[in-house]
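Q: Take this structure first; my questions come after.
2 protein chains.
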Amino acid sequence: MPKIGMEEPRRRALIDATIHEVGARGGMDVTVGQIARRAGMSTALAHHYFGNKERILLAAMRHILSTFGALVREELARVETPMQRLNAILDASMDRRHFEPETVAAWLAFYVQAQQSPEARRLLRVYALRLHSNLLHELKQLTDPARAARMAQALSALIDGFYIRHALQDQAPDRDDIIDILRDYTCRQLTETGQP
Amino acid sequence: MPKIGMEEPRRRALIDATIHEVGARGGMDVTVGQIARRAGMSTALAHHYFGNKERILLAAMRHILSTFGALVREELARVETPMQRLNAILDASMDRRHFEPETVAAWLAFYVQAQQSPEARRLLRVYALRLHSNLLHELKQLTDPARAARMAQALSALIDGFYIRHALQDQAPDRDDIIDILRDYTCRQLTETGQP
DNA sequence: CGTTTTTAATTGACTAGTCAATCAACAAAA
DNA sequence: TTTTGTTGATTGACTAGTCAATTAAAAACG
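Protein chains in written order, with my numbering: chain B, 90 to 285; chain V, 90 to 285.
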């Protein structure tokens with residue numbers, strides 16, 4: 090059975106299985122055995138490729154974050170004006186793919202693991218910082234620096250907040266309502282009223 | 090040594106120890122042994138009082154949520170006008186006590202556990218619903234129903250979002266900045282501009 | 001009041017089970 | 001034959017939950 094060049098597909102399968110298993114079980118308390126079985130191999134092989142459990146989990150986390158980042162970059166490449174680019178970031182952040190139950194559960198679980206694992210924490214920080222600086226870059230071209238900074242913070246929090254609420258409430262607003270709220274927020278903030 | 094009337098302080102100590110232990114370890118992967126040791130008793134006694142591990146965790150969760158609810162109610166009782174009451178809810182939601190690292194970590198961990206445990210899910214739903222309806226009740230007196238609903242959704246998401254961001258980023262805005270952002274949001278939304 | 005019985009509090013030792021990680025061994029490709 | 005892929009079996013550490021036994025307070029009794 091041993092064919093050569095198995096390393097890449099095996100790693101891929103393990104990462105995929107990890108995300109699905111974490112999503113299905115709804116937490117990080119997955120066993121290497123469960124992951125390996127879903128990926129169609131023995132636990133020993135999983136250890137062979139990743140060394141230990143934590144590295145499997147981190148690889149899965151890295152995969153989710155880089156998928157997210159790639160999607161944002163892709164949407165961003167399509168448009169020109171700051172306003173379009175801002176909307177592109179918001180759209181990409183609310184992409185349907187992020188709302189698949191497994192992904193949401195995995196995301197949430199990673200947030201918790203970040204409290205224990207410095208490397209996981211670092212990864213999430215990178216994601217948060219990139220989102221923030223992406224937003225800020227566009228907003229600075231649309232309003233004054235102070236308001237831009239505040240809006241970037243608020244939009245980041247709104248995105249994370251809606252995401253986490255979506256994870257466990259059925260009456261949470263759906264994707265389209267969320268985008269409406271985000272657009273309404275930016276629109277109102279950028280319309281100059283009384284305050285300087 | 091056995092004194093009578095120990096049940097109540099023991100339960101209290103176990104709940105307290107659970108929150109601290111979950112907060113310190115940054116997840117739900119705490120052992121009954123760790124909790125019991127921190128509470129100054131044997132694992133058997135912890136089982137004696139709560140039956141099993143899940144009930145210990147749920148009791149701790151219930152305690153955190155009821156503390157939160159009591160605080161909101163307390164602040165709410167102090168003021169009269171809808172606008173004051175709205176601000177009271179926001180202030181209470183952002184109270185310093187909720188930002189103690191242990192509480193934040195425990196809160197986050199409970200969110201994850203809610204994916205696995207129906208009872209935990211139910212408890213969090215109650216919290217979310219109460220926050221939402223509290224906000225909605227005041228907002229309906231300040232603006233039209235559609236906008237009130239949208240604002241309640243947005244404010245809930247902002248609160249949860251800032252909370253979760255605070256849990257793992259040092260550059261996240263602090264309590265006062267967050268309150269500024271929340272107030273700025275409500276202020277702008279309630280100021281009638283162009284759109285009906 | 002003194003004695004006996006009941007009851008709550010408490011634990012150490014034990015059971016039965018899980019899981020991450022290791023290892024020795026085997027199969028095929030190069 | 002060396003390298004790469006692969007596994008079953010095993011180990012060692014840890015965990016939830018149980019249980020019988022112990023202690024002391026309280027209550028019942030004479």
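Think of the CB as a built atom: it goes at the ideal place given N, C-alpha and C, for glycine as much as any other residue.
These numbers were taken from a predicted model, which means no experiment stands behind them.
1) Classify P262 (chain V) as buried or exposed, calling it buried when 16 or more other Cβ atoms lie within 10 Å of its own Cβ.
2) Quick check: what's the CA-CA separation for G129 (chain B) versus E110 (chain B)?
3) Just to check my reading of the structure: I124 (chain V) and I145 (chain V) have Cβ atoms closer than 8 Å, yes? What is that Cβ distance to the nearest angstrom?
4) Please report the straight-line C-alpha distance between V121 (chain B) and K142 (chain B), rounded to a whole angstrom.
5) Going along chain V, which residues have a C-beta under 8 Å from V197 (chain B)?
6) Would you call the segment 204 to 220 of chain B and the segment 254 to 261 of chain V touching, i.e. three or more CB-CB distances under 8 Å?
7) Consult DSSP for E110 (chain V) and reduce its assignment to one of helix, strand or coil.
8) Between Q202 (chain B) and A195 (chain B), which are expected to be in contact by the criterion C-beta below 8 Å, what is the C-beta distance as a whole number of angstroms?
9) Give the DSSP-derived three-state secondary structure of I93 (chain V) in the structure shown.
10) If you follow the alpha helix (DSSP H) that A128 (chain B) is part of, which residue opens it and which one closes it?
11) When the cut-off is 8 Å and only beta carbons count, does G116 (chain B) lie next to chain V?
12) Using alpha carbons as the reference points, say which of V:I104, V:D184, V:G250 lies closest to E163 (chain V).
13) In terms of alpha-carbon separation, which member of B:V168, B:S245, B:H187, B:L134 lies closest to S155 (chain B)?
14) Does I270 (chain V) get closer than 8 Å to chain B when you measure Cβ to Cβ?
15) When you compare only the Cα positions, how much space is there between R101 (chain V) and P207 (chain V)?
16) Pick from V:R264, V:S222, V:F139, V:L244: whose alpha carbon is nearest that of E189 (chain V)?
17) Please list the terminal residues of the continuous alpha helix (DSSP H) segment that includes L231 (chain V).
18) Relative to the alpha-carbon of E96 (chain V), which residue among V:A166, V:R127, V:Y138 has its alpha-carbon at the smallest distance?
19) Let me know if R239 (chain V) comes out buried or exposed under the rule of 16 or more other beta-carbons within 10 Å of its beta-carbon.
20) Expressed to the nearest angstrom, what Euclidean distance is found between the alpha-carbon atoms of R48 (chain B) and R127 (chain V)?
21) Take S182 (chain B) as the anchor and find which of B:C276, B:T275, B:I268 has the nearest alpha-carbon.
22) Assuming A241 (chain B) and L231 (chain B) are in contact, meaning their beta carbons sit under 8 Å apart, how far apart are those beta carbons, in whole angstroms?
23) If I follow the unbroken alpha helix (DSSP H) through F157 (chain V), where does it start and stop?
24) Taking A243 (chain V) as the query, report the chain B residues whose CB atoms sit under 7 Å from its CB, ordered along the chain.
25) Can you grab the Cα-Cα spacing for the pair H136 (chain V) / I153 (chain V), in whole Å?
26) Can you tell which of B:A149, B:Q205, B:I178 has the C-alpha that lies nearest to the C-alpha of N223 (chain B)?
27) Since I270 (chain B) and A237 (chain V) should fall inside the 8 Å C-beta cutoff, what is the C-beta to C-beta distance between them, to a whole number of angstroms?
28) Drop a sphere of 10 angstroms on the beta-carbon of S245 (chain V), count the other beta-carbons inside from all chains shown, and report buried for 16 or more, exposed for fewer.
29) Which residues of chain V have a Cβ atom closer than 8 Å to the Cβ of P262 (chain B), listed in chain order?
30) State yes or no: is the C-beta of Q278 (chain B) within less than 8 Å of the C-beta of G116 (chain V)?
31) Name, please, each residue of chain B whose Cβ falls closer than 9 Å to the Cβ of Q278 (chain V).
32) I want to verify the contact list: residues of chain V whose CB lies under 8 Å from the CB of G122 (chain B), in sequence order.
33) Should T107 (chain V) be labelled buried (16 or more other beta-carbon atoms within 10 Å of its own) or exposed?
34) What three-state label does DSSP hand G115 (chain V) in the structure shown?
35) Check whether the Cβ of M90 (chain B) lies closer than 8 Å to any Cβ atom in chain V.
A: Looking at the atomic coordinates:
1) For the purposes of this step, residue 262 (chain V) is taken as residue 173 along the second sequence, with counting starting at 1. Under this definition P262 (chain V) is a buried residue.
2) Mapped onto the first sequence, residue 129 (chain B) falls at position 40. Mapped onto the first sequence, residue 110 (chain B) falls at position 21. Cα to Cα, G129 (chain B) sits roughly 13 Å from E110 (chain B).
3) Translated into positions along the second sequence, residue 124 (chain V) becomes position 35. Translated into positions along the second sequence, residue 145 (chain V) becomes position 56. At roughly 7 Å, the Cβ-Cβ gap stays under 8 Å, so I124 (chain V) and I145 (chain V) are in contact.
4) Position 32 of the first sequence, counted from the start, is the residue given in the question as residue 121 (chain B). Position 53 of the first sequence, counted from the start, is the residue given in the question as residue 142 (chain B). Approximately 7 Å, taken between the alpha carbons.
5) One-based indexing of the first sequence puts residue 197 (chain B) at position 108. Note that residue 197 (chain B) is Leu in the sequence shown here, rather than Val. Going along chain V in sequence order, the residues near L197 (chain B) (Cβ under 8 Å) are Y200, V201, Q204.
6) yes
7) Here residue 110 (chain V) is taken as the residue at index 21 of the second sequence, counted from 1. DSSP places E110 (chain V) in helix when its eight states are reduced to three.
8) Here residue 202 (chain B) refers to the residue found at position 113 when the first sequence is read from its first residue. Here residue 195 (chain B) refers to the residue found at position 106 when the first sequence is read from its first residue. Q202 (chain B) to A195 (chain B), Cβ: 10 Å. No contact.
9) Residue numbering aside, residue 93 (chain V) sits at position 4 when the second sequence is read from its first letter. Note: I93 (chain V) maps to coil in three-state DSSP.
10) For the purposes of this step, residue 128 (chain B) is identified with residue 39 of the first sequence, where counting begins at 1. Per DSSP, A128 (chain B) belongs to no alpha helix (DSSP H) and is neither H nor E.
11) Numbered from 1 along the first sequence, position 27 holds the residue referred to as residue 116 (chain B). For G116 (chain B), the answer is yes, since a Cβ of chain V falls inside 8 Å of its Cβ.
12) By 1-based counting over the second sequence, the position of residue 163 (chain V) is 74. Closest option to E163 (chain V), Cα to Cα, is V:D184.
13) Here residue 155 (chain B) is taken as the residue at index 66 of the first sequence, counted from 1. Nearest of B:V168, B:S245, B:H187, B:L134 to S155 (chain B), Cα basis: B:H187.
14) Your numbering for residue 270 (chain V) matches position 181 in the second sequence. So, interface residue.
15) Start at 1 with the first residue of the second sequence, and residue 101 (chain V) comes out as number 12. Start at 1 with the first residue of the second sequence, and residue 207 (chain V) comes out as number 118. If you take the alpha carbons of R101 (chain V) and P207 (chain V), they lie about 24 Å apart.
16) Numbered from 1 along the second sequence, position 100 holds the residue referred to as residue 189 (chain V). Nearest option by C-alpha distance: V:R264.
17) The count along the second sequence starts at 1 and reaches residue 231 (chain V) at position 142. No alpha helix (DSSP H) contains L231 (chain V), which DSSP labels as neither H nor E.
18) Taking the first residue of the second sequence as 1, we reach residue 96 (chain V) at position 7. Of the listed residues, the one whose Cα sits closest to E96 (chain V) is V:Y138.
19) On the second sequence, position 150 is the one that residue 239 (chain V) refers to. The residue is buried, with at least 16 neighbouring Cβ atoms inside 10 Å.
20) The requested residue 48 (chain B) does not occur in the structure, where chain B is confined to residues 90 to 285.
21) Reading the first sequence from its first residue, position 93 is the one you call residue 182 (chain B). Ranking B:C276, B:T275, B:I268 by Cα distance to S182 (chain B) puts B:I268 first.
22) If you number the first sequence from 1, residue 241 (chain B) lands on position 152. If you number the first sequence from 1, residue 231 (chain B) lands on position 142. At roughly 11 Å, the Cβ-Cβ gap does not stay under 8 Å, so A241 (chain B) and L231 (chain B) are not in contact.
23) Residue numbering aside, residue 157 (chain V) sits at position 68 when the second sequence is read from its first letter. Run containing F157 (chain V): 142 to 166, per the alpha helix (DSSP H) assignment.
24) By one-based count along the second sequence, residue 243 (chain V) stands at place 154. What A243 (chain V) touches in chain B: L247, I270, Y274.
25) One-based indexing of the second sequence puts residue 136 (chain V) at position 47. One-based indexing of the second sequence puts residue 153 (chain V) at position 64. For H136 (chain V) and I153 (chain V), the distance between alpha carbons rounds to 21 Å.
26) One-based indexing of the first sequence puts residue 223 (chain B) at position 134. Looking at the Cα atoms, B:I178 is the closest of the given residues.
27) To locate residue 270 (chain B), count along the first sequence from 1; it is residue 181. To locate residue 237 (chain V), count along the second sequence from 1; it is residue 148. Wrong, their Cβ atoms sit about 13 Å apart, outside the cutoff.
28) Position 156 of the second sequence, counting from 1, holds the residue named residue 245 (chain V). The residue is buried, with at least 16 neighbouring Cβ atoms inside 10 Å.
29) Here residue 262 (chain B) refers to the residue found at position 173 when the first sequence is read from its first residue. Going along chain V in sequence order, the residues near P262 (chain B) (Cβ under 8 Å) are Q242.
30) Position 189 of the first sequence holds residue 278 (chain B). Position 27 of the second sequence holds residue 116 (chain V). No, the pair does not count as a contact, with Cβ atoms beyond the cut-off.
31) On the second sequence, residue 278 (chain V) is found 189 positions in, with the first residue counted as 1. Chain B residues near Q278 (chain V): D273, Y274, R277.
32) Translated into the one-based positions of the first sequence, residue 122 (chain B) becomes position 33. Here the premise fails: no neighbours, minimum Cβ distance about 17 Å.
33) Stepping through the second sequence from its first residue, residue 107 (chain V) is reached at position 18. So T107 (chain V) counts as buried.
34) Reading the second sequence from its first residue, position 26 is the one you call residue 115 (chain V). If DSSP states are grouped into helix, strand and coil, G115 (chain V) belongs with coil.
35) Working through the first sequence from its first residue, we reach residue 90 (chain B) at position 1. Interpretation of M90 (chain B) is limited by its pLDDT of 44, a score under 50 that renders its predicted location unreliable; the figure taken from the coordinates is listed afterwards. Not one chain V Cβ lies under 8 Å of M90 (chain B).
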